[in-house]
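Under UniProt numbering, the first residue of the sequence shown is numbered 1, with each subsequent residue one higher. Below is one structure, written out as structure tokens; the observations come after it.
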Amino acid sequence: MTSDQDGRSSGKRGPSTPLTPHNMQNKRIVYSKPDSCKFDSSRIIEPSPSQSSSQLQLVDAKYKMWLLEKLLSKQREMTKFLELEREYAMEG
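This is the structure we're talking about:
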């Protein structure tokens, strides 16, 4: 390296950030779920001898209603976003 009159060196400086990423950067820890968390059907509540079929139908209906409300809220959110995007596109 040679120095200029100002005291600066004319050689190349090394990069301030490493060129290769950290080895463990893209690794994800995956935990296995216990068998008690796994279920096959949409019905989480298992029928007991004391529950009638109408009670089970009510539980299923409430569960389906809850799922539909979640879907509806996502659709409303998407509609709001798309309307804002359209307004922005019309301005510019």
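We treat Cβ as the ideally placed atom computed from N, Cα and C, and that holds for glycine.
Whole-angstrom distance between Ala89 and Met78, CA atom to CA atom: 16 Å
C-alpha gap between Phe92 and Arg86, whole angstroms: First, the residue type needs correcting, since residue 92 is Gly and not Phe in the sequence shown. Those two C-alpha atoms are separated by around 10 Å.
Local conformation of Gln57 per DSSP, three classes: helix
Straight-line Cα distance separating Glu83 from Arg76: 11 Å
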